[in-house]
Every structure is written in structure tokens, then in C-alpha cells.
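To convert, note that position 271 of the sequence shown is 270 in this note's numbering; the numbers rise steadily by one, no gaps.
Since the structure comes first, as C-alpha cells, the remarks are kept for the end.
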Amino acid sequence: MNPRLPLPRHGLPRREAFRLAGLSAAGLALAACGVQGQKAAPPKADEVQDFWSKQTKHGKVIFANWPEYMPEDKAPLEKFAKDTGISYEYKEVIQENADFFGKADPVLRAGQPLGYDIVVMTNGIQLQHMIELGYCVPLDHSKLPNFAANAGQKYKERAYDPGNKYTVPYTSGVTGIAYNTKYVKDDITSIQALFDPKYKGRVGMMADAQEIGNFGMFALGIDPEKSTEADWKKAGEKLKEQRDNGLVRKYYDQSYIDAVAKGDIWITMAWSGDVFQRQLAGEPVKFVVPEEGGTIWTDNMLIPKGAANPLDALMLMDYLYQPAVAAELDEFIQFVTPVPAVQDLLREKAKSAQGEDKKALEQMADSPLMFPTEADYARLRGYTPLDNQQQQIFNPIFQSVTQA
Numbered sequence: 000m001n002p003r004l005p006l007p008r009h010g011l012p013r014r015e016a017f018r019l020a021g022l023s024a025a026g027l028a029l030a031a032c033g034v035q036g037q038k039a040a041p042p043k044a045d046e047v048q049d050f051w052s053k054q055t056k057h058g059k060v061i062f063a064n065w066p067e068y069m070p071e072d073k074a075p076l077e078k079f080a081k082d083t084g085i086s087y088e089y090k091e092v093i094q095e096n097a098d099f100f101g102k103a104d105p106v107l108r109a110g111q112p113l114g115y116d117i118v119v120m121t122n123g124i125q126l127q128h129m130i131e132l133g134y135c136v137p138l139d140h141s142k143l144p145n146f147a148a149n150a151g152q153k154y155k156e157r158a159y160d161p162g163n164k165y166t167v168p169y170t171s172g173v174t175g176i177a178y179n180t181k182y183v184k185d186d187i188t189s190i191q192a193l194f195d196p197k198y199k200g201r202v203g204m205m206a207d208a209q210e211i212g213n214f215g216m217f218a219l220g221i222d223p224e225k226s227t228e229a230d231w232k233k234a235g236e237k238l239k240e241q242r243d244n245g246l247v248r249k250y251y252d253q254s255y256i257d258a259v260a261k262g263d264i265w266i267t268m269a270w271s272g273d274v275f276q277r278q279l280a281g282e283p284v285k286f287v288v289p290e291e292g293g294t295i296w297t298d299n300m301l302i303p304k305g306a307a308n309p310l311d312a313l314m315l316m317d318y319l320y321q322p323a324v325a326a327e328l329d330e331f332i333q334f335v336t337p338v339p340a341v342q343d344l345l346r347e348k349a350k351s352a353q354g355e356d357k358k359a360l361e362q363m364a365d366s367p368l369m370f371p372t373e374a375d376y377a378r379l380r381g382y383t384p385l386d387n388q389q390q391q392i393f394n395p396i397f398q399s400v401t402q403a
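See below:
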């Protein structure tokens with residue numbers, strides 16, 4: 000077991016970075032840089048087959064990832080190296096999607112390699128641009144047998160990358176509702192609780208335009224993935240009414256989790272990983288996916304155009320879909336794994352564990368925050384797909400709510 004288990008490892012650097020990518024003007028400028036009018040045509044099947052038929056194993060892979068997304072001892076990568084003879088370099092160089100894309104775009108546009116064979120990016124604006132600009136190598140699924148056998152069906156049906164042509168998930172998380180059970184005695188099931196006058200001044204909402212936009216739409220029964228400009232405006236009005244009625248204490252970045260744990264706010268939009276860490280620490284916070292809907296986000300592995308070792312990269316991507324390897328990763332990351340078999344493996348490990356390790360493993364295996372139920376998955380939606388022009392409409396609608 001990881002001795003740092005009760006510590007909230009991913010909170011600030013991981014999710015605050017994602018907020019900045021979607022909210023900041025600089026992030027939007029970087030996301031739009033060089034995109035309009037330069038979309039690449041989808042590769043033909045024979046072109047993909049021809050590319051992969053020419054690739055050979057080089058014995059090395061360079062993996063670019065977010066901080067603290069791999070056990071400190073790099074055990075999964077060490078096992079991969081031992082089993083395959085492929086050495087690795089692991090670099091925690093991705094701090095924010097927009098910043099990473101802003102640096103990668105001119106390099107890839109110039110036809111130069113990034114120097115990485117695997118890159119992990121969150122679904123959203125920047126990943127959409129990576130795919131549309133032809134910056135991602137199409138995957139050869141004949142070389143991904145572990146993905147085919149072990150990935151959950153939900154992770155083979157991603158709207159942002161149909162058929163997993165360019166990406167396979169690394170880990171996921173959920174945006175739902177958290178509440179402090181010391182102050183909220185009701186069994187919260189509906190998103191309407193965030194709009195309930197009895198929690199006036201004790202409601203937390205997120206400052207991120209995509210996150211709060213989704214929840215405004217969920218509250219009106221609108222599916223964000225199929226939404227229109229008219230839907231965004233309706234959701235914006237709903238959220239302004241919530242604000243103007245004094246229900247919202249603050250529009251938060253990562254600091255919401257401290258506020259709800261301490262009781263400064265009683266109920267709030269929340270990220271599943273943050274809440275689970277607080278539950279492990281024994282704090283009185285509960286998480287729920289509202290019956291109207293919640294958001295699922297996914298960090299994805301891709302091979303950037305010009306990668307020096309694409310076959311070695313594909314082998315590692317597939318290796319991480321072995322259930323035992325995926326379980327070791329998820330025990331450390333504590334987000335939602337794309338490999339459902341991990342749940343039973345954690346339960347088995349808990350049987351032979353003792354003390355705090357046993358308790359933590361049982362909490363992980365039994366938690367819907369790490370293993371959402373089928374009912375939860377059915378309510379989860381992604382973010383609204385936005386082109387450059389739509390971004391300039393969507394973001395101001397919701398920024399006018401949070402920044403007023």
C-alpha cells in the first residue's frame with residue numbers, strides 16, 4: 000500500500016490545471032492558435048495499415064504524463080521493461096492542457112517530433128484540436144488485445160474519439176455533488192438541491208465554464224453533448240437566477256473541497272477523486288451523481304505525430320490494460336479506472352491485508368467514486384463539443400455568471 004494514502008494527491012495540480020485550461024483567456028487563445036482552416040483529413044484505413052506495417056520495436060519508450068499519475072517506484076513501468084525488454088523514460092511534464100498544447104502546436108505543425116512517444120491529455124478543447132489537426136497517430140487495434148479484452152464498454156464509446164481511433168483512456172473522474180453530512184441531513188439525489196433556498200449562502204459552484212455550464216443544463220433536463228446555443232443561454236439564465244437569489248457562497252476552484260469539509264459550504268459541485276480522499280481521511284463528506292446527470296472526464300493516452308518509438312508506445316499502452324497492472328495504477332491514483340476487473344482484484348488483495356491497509360482497500364473496492372454503478376454511468380455525460388466560433392459564445396455566457 001502507498002503510505003501516503005490519506006493525502007489528497009491529485010487535487011490542486013490536476014484539477015486546478017484543468018480549470019485553467021477551460022477558463023483562462025490565455026488558455027483559450029492557445030487552444031485556438033493555428034486551428035481554424037487547417038483540419039487534417041481523416042486517414043484512410045490502408046494508410047493506417049501501411050504505417051503500422053513499417054514499424055518495428057526499438058526497445059525504448061518516452062512517456063509524458065501529469066504529476067503523480069504513476070506510483071513513485073514506477074512498478075508498472077518496471078514490470079513492463081522486464082517483460083518486454085523495452086526501457087522507459089517517464090516525464091511528469093504536463094501541468095495544464097492548454098499550456099501543453101500551446102507548446103506542442105508549433106512543433107507539430109512544423110513537422111517536428113515532440114520528443115515523447117506517449118502523451119496523456121484530458122478530453123476537451125485541446126485534445127479535440129490534437130485530433131482534428133492530425134497531430135495524433137491513428138492506433139492499430141490489432142496490437143491492442145488487452146484493451147479489447149479488458150476495457151469497460153463505456154471506455155470504448157467515447158464521443159470525443161469514436162472507436163478509440165486515436166486514444167485509449169488512462170483514468171477518469173466524475174463531477175457530481177458533495178455535501179457535508181453534519182449539516183445536510185437529507186439524502187441528496189437531485190441537482191435541484193443546489194438551487195434549494197434552504198441552503199442559501201451555503202452552496203458551492205465551480206468557476207470553470209464547462210463544468211458549471213453542464214450543471215446548468217442538467218438542471219433544465221438538457222444533455223450537454225447535444226446542446227445548442229439556445230440551450231447554453233437558458234442554462235446561463237438558470238445559473239444567474241441561482242446567483243442573484245443569494246444561494247451561491249462562492250464560485251470555486253480546487254478550494255471547494257476544504258470549504259465543504261469544514262462546513263463553510265454545505266453542498267457543492269465536486270470532483271469524485273477529491274471527495275474520496277476526504278472520505279479515506281474520515282471527513283463527513285458524501286458524493287452523489289445527481290439523477291439529472293453528472294459529468295465524466297477522461298485522461299487519454301495518445302501517440303503524437305512524429306513519435307520515434309510508436310510500436311513500443313502502443314505496446315506500453317496495451318500493457319497497462321492488464322488487470323493486475325491496472326489495479327496497481329488505480330490503487331495509487333484512486334480515480335475511475337477504465338478496467339472493471341480492477342474492482343475484484345482490490346477486493347482479493349484486501350482479504351490478505353491488515354489494519355489500515357485492509358480498510359483502505361475495502362473502501363476503494365466498494366466506492367462508487369472509483370467504481371461508478373451502471374446507474375451512475377447511465378447519467379454521466381461529457382462536455383459540449385465546441386469549435387473555435389462556439390467557444391467564443393459558450394464561455395462568455397457562463398463566465399458572466401461566475402465573474403460578475
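Here a beta-carbon is modelled for each residue, glycine too, at the ideal position from N, C-alpha and C.
For F370, I'd like the list of residues in its chain whose CB is within less than 6 Å of its CB, leaving aside the five on either flank, ordered along the chain.
Q342
With respect to the beta strand (DSSP E) encompassing S86, which residues constitute its N-terminal and C-terminal limits?
86–90
According to DSSP, is D412 part of a helix, a strand, or is it coil?
Absent from the model: residue 412. The displayed extent of the chain is 0 to 403, so no value can be given.
Excluding the five sequence neighbours on either side, which residues of its own chain have a C-beta within less than 7 Å of the C-beta of A312, listed in chain order?
V60, D116, I117, I302, A306
Among the residues of its own chain, which have a CB less than 6 Å from the CB of M129, if the five just before and after it don't count?
C135
Use the C-beta contact count for T55: other C-beta atoms within 10 angstroms, 16 or more gives buried, fewer gives exposed.
exposed
From the DSSP output, read off the bridge partner residues of M314.
Paired residue(s): none; M314 is not in a bridge.
Counterpart residues of D230 in DSSP-defined beta bridges
BP columns for D230 are empty, so no partner.
Start and end of the beta strand (DSSP E) containing R248?
247–251
Is it true that the CB of T267 sits closer than 8 Å to the CB of G203?
yes
Segment limits, alpha helix (DSSP H) that includes A323:
322–332
Distance, Cα to Cα, N163 vs T401?
34 Å
Backbone secondary structure at W270 - three-state DSSP
strand
Quick one: give me the first and last residue of the alpha helix (DSSP H) that T297 is part of.
Taken as a continuous stretch (DSSP letters only), T297 belongs to no alpha helix (DSSP H), being part of the beta strand (DSSP E) at 293–301.
Return yes when the C-beta of A307 is under 7 Å from any heavy atom of the ligand MN, and no when it is not.
This structure lacks the ligand MN; in fact it carries no ligand of any kind.
Would you say G151 and V338 are within 8 Å of each other, going by their C-beta atoms?
yes
Buried versus exposed call for N475 [16 or more other C-beta atoms within 10 Å across all chains shown]:
The requested residue 475 does not occur in the structure, where the chain is confined to residues 0 to 403.
Do E290 and T188 have their beta-carbon atoms positioned less than 8 Å apart in this structure?
yes
Output the boundary residues of the alpha helix (DSSP H) element that contains N149.
144–149
N- and C-terminal bounds of the beta strand (DSSP E) containing M205:
202–205
Should K348 go down as buried or exposed, given a rule of 16 or more other Cβ atoms within 10 Å for buried?
buried
Between T482 and S226, how many whole angstroms is the CB-CB distance? I'm expecting something under 8 Å.
As shown, the chain starts at 0 and ends at 403. That puts residue 482 outside it, with no answer to give.
CB-CB length for G245 against G200, believed under 8 Å:
6 Å
From the DSSP output, which residues share a beta bridge with K59?
S86
Extent of the continuous alpha helix (DSSP H) run through M129
124–131
For the alpha helix (DSSP H) containing M363, name the first residue and the last one.
354–365
Please list, in chain order, all residues of the same chain as K73 whose beta carbon is under 7 Å from its beta carbon, the five residues on each side excluded.
Y89
Runs of alpha helix (DSSP H) lying entirely within the region 144–186, each at least 4 residues, in chain order
144–149
With DSSP as the reference, label L138 as helix, strand or coil.
coil
Compute the distance between the beta-carbons of V247 and A177, then report whether it is under 8 Å.
no
Taking the alpha-carbon of M363 as reference, which of F217, N299, A280, F99 has the nearest alpha-carbon?
A280
Using the three-state DSSP reduction, which class does A20 fall into: helix, strand or coil?
For A20, the predicted model reports a pLDDT of 40, less than 50, meaning its position is unreliable and no value from the coordinates is stated.
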